[in-house]
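Here the structure is laid out as structure tokens; the discussion comes afterwards.
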Amino acid sequence: MQSGIGHQNSQWRCRKCGTLLGVATGDEVEVRYKTAVYRVRGELATDCRKCGTANRLDTRSAHPRHERRCA
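In this text, residue positions in the sequence shown follow our numbering: the first is 567, and each later residue adds one.
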């Protein structure tokens with residue numbers, strides 16, 4: 567699944583529809599939903615709340631790890 571972040575203070579967006587999933591600062595991603603705010607590190611996985619596409623992100627590497635699936 568391809569989704570990712572680029573550099574410092576980057577947006578993590580859905581690989582299919584572009585919905586904002588979180589904001590990355592260094593090796594940490596801030597994810598918000600309604601009144602909840604989560605700051606997480608490591609491997610993140612979520613389904614987009616708009617289109618349902620699975621998205622993954624690994625904050626431990628400079629370049630996010632992309633998972634590939636056969637169609």
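All C-beta atoms, glycine included, are put in the ideal place defined by N, C-alpha and C.
Bounds of any beta strand (DSSP E) do not take in G584, whose DSSP letter is neither H nor E. Classified as buried, T625 has 16 or more neighbouring CB atoms from the shown chains inside 10 Å of its CB.
For D624, the three-state secondary structure derived from DSSP is strand.
The straight-line gap separating the alpha-carbon atoms of Y604 and V589 is approximately 11 Å. Separation of R622 and C583 (C-alpha to C-alpha, rounded to the nearest whole angstrom) is 14 Å. For R605, the enclosing beta strand (DSSP E) covers residues A602 to V606.
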